[in-house]
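Engineer: Take this structure, written in structure tokens, and hold onto it; I'll ask about it next.
In the working numbering, the protein residues as written are 1 to 223.
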């Protein structure tokens, strides 16, 4: 997918800086925690956390892609915590349209659970998960297309009893932002261009974020 003729963002870091400008109400507060969805949400979340003076961590969630069309989400899965079961959110329309069997869905789910476990060890190592209870959590990603991944993240996060869940993204489809307002306490979508087409279209540079970049940004944030 080629970028738009007039991209909204140079890259994810620029997107995070612009998004932070709409989140000033959460700046310099002891109760705010930024949790970014890896991998692409982490550079965005890093800039948001830096400008708000808030700690940064990752929230592990994975899209369940349709086999052969992995960018199309038939759902998503997230881990609420080490002591709880993973939470799966499904897109019933996609399941019906593509006639996804239970066996296929379970196979993809198991694959993505293994990837979540790998990322948990890689990104967090021996560090304990941040305390979420009674805090305002900003869930940050680089954009929203279907919203399936973010819905799974919100559902899993609610298990840990935060004071508020705020979804914050640089760009999204307008209808997705409106839908997510019903499952969160607030939604901040910096831009909702129409027609939307896809997240990457609105970035001049939408190069895939690497595991090493995620680890480096988390380490830099802790310092």
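All C-beta atoms in this analysis are idealised placements derived from N, C-alpha and C, irrespective of residue type, glycine included.
In chain order, which alpha helix (DSSP H) runs of at least 4 residues are fully inside the stretch 81 to 164?
Structural biologist: Listed in chain order, the complete alpha helix (DSSP H) runs (minimum 4 residues) inside the stretch 81 to 164 are 92 to 97, 102 to 124 and 148 to 158.
Engineer: With a 10 Å radius around its C-beta and 16 neighbouring C-beta atoms as the bar for buried, classify residue 20 as buried or exposed.
Structural biologist: By the neighbour-count rule (16 or more Cβ atoms within 10 Å), residue 20 is buried.
Engineer: Can you tell me the Cα-Cα spacing of residue 38 and residue 210, whole angstroms?
Structural biologist: Cα-Cα distance, rounded: 9 angstroms.
Engineer: Determine the direct distance from the alpha carbon of residue 221 to that of residue 30, and round the result to whole angstroms.
Structural biologist: Distance between the alpha carbons of residue 30 and residue 221: 16 angstroms.
Engineer: Taking only the alpha-carbon atoms, compute the straight-line gap between residue 158 and residue 195 and give it to the nearest angstrom.
Structural biologist: Their backbone Cα atoms lie some 32 angstroms apart in a straight line.
Engineer: Counting Cβ pairs closer than 8 angstroms, one from the stretch 102 to 112 and one from the stretch 130 to 140, do we hit at least three?
Structural biologist: Short answer: they don't touch.
Engineer: Can you say whether residue 147 is buried or exposed, counting buried as having 16 or more other CB atoms within 10 angstroms of its CB?
Structural biologist: Residue 147 should be labelled buried.
Engineer: Please report the distance separating the alpha-carbon of residue 48 from that of residue 168.
Structural biologist: Whole-angstrom Cα-Cα distance: 10 angstroms.
Engineer: If I'm right that residue 205 touches residue 41 with Cβ under 8 angstroms, what's the distance once you round it to whole angstroms?
Structural biologist: The Cβ separation is near 16 angstroms, so there is no contact.
Engineer: From the DSSP output, in three-state form, read off residue 62 for me.
Structural biologist: Correct three-state label for residue 62: strand.
Engineer: Taking all protein chains shown into account, decide if residue 133 is buried (16 or more other Cβ within 10 angstroms of its Cβ) or exposed.
Structural biologist: The residue is exposed, with fewer than 16 neighbouring Cβ atoms inside 10 Å.
Engineer: Restricting to Cα atoms, I'd like to know which of 24, 105 and 97 is closest to residue 63.
Structural biologist: It is 105.
Engineer: Check whether the Cβ atoms of residue 214 and residue 156 lie closer than 9 angstroms to each other.
Structural biologist: For residue 214 and residue 156, no; Cβs fall outside 9 angstroms.
Engineer: I need the DSSP call for residue 30, collapsed to helix, strand or coil.
Structural biologist: Coil, per DSSP.
Engineer: Could you tell me the boundaries of the alpha helix (DSSP H) in which residue 199 lies?
Structural biologist: Residue 199 -> no alpha helix (DSSP H), and no H or E assigned at all.
Engineer: Pairs of beta-carbons, one from the stretch 8 to 28 and one from the stretch 161 to 175, closer than 8 angstroms: are there three or more?
Structural biologist: Yes, the stretch 8 to 28 is in contact with the stretch 161 to 175.
Engineer: Any idea which residues DSSP pairs residue 35 with across the strands?
Structural biologist: Answer by DSSP bridge pairing, in chain order: 57 and 139.
Engineer: Determine whether the beta carbon atoms of residue 73 and residue 61 lie at a separation below 9 angstroms.
Structural biologist: Going by C-beta atoms, residue 73 is not nearer than 9 angstroms to residue 61.
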